[in-house]
Amino acid sequence: MNGLTLGGQKCSAIPDSLLQDKEFTKDLHTKSTGRAPTLNIMVTMTAKTLALLMGKGVHGGMSDKKI
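Per the numbering used here, residue -4 is the first one in the sequence shown, and the count goes up by one each step.
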């Protein structure tokens, strides 16, 4: 997925399981901009909420397993 921007930060999608049965996650990775660190962002949803979790130094797939 190209062109995804979240909070002014350009991101790329890793795996997309947001709408798959019993998965409900989407992993994003911020793109490097100069000296700013890159972050993994996990998007997950429930029936009523959409949660975004950011982690530094954690692989996107690993954060899915802990939620």
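For glycine and all other residues, C-beta sits at the position ideal for the given N, C-alpha and C.
Since residue i sits in a beta bridge, which residues does DSSP pair it with?
i	result
Thr33	DSSP output for Thr33 lists no bridge partner at all.
Gly50	Asn35
Kindly indicate which residue of the options has the alpha-carbon position closest to the one of residue i.
i	options	result
Lys43	Phe19, Ile36 and Thr25	Phe19
Given this structure, state the Cα-to-Cα distance separating residue i from residue j, to the nearest angstrom.
i	j	result
Gln4	Thr41	24 angstroms
Arg30	Cys6	16 angstroms
Leu47	Val38	5 angstroms
Ser27	Thr0	13 angstroms
Leu23	Met49	9 angstroms
Asn35	Leu45	16 angstroms
According to DSSP, is residue i part of a helix, a strand, or is it coil?
i	result
Met(-4)	Residue placement at Met(-4) cannot be trusted, given a pLDDT of 48 that sits under 50; what the coordinates show is reported in the next sentence. Correct three-state label for Met(-4): coil.
Lys43	coil
Lys5	strand
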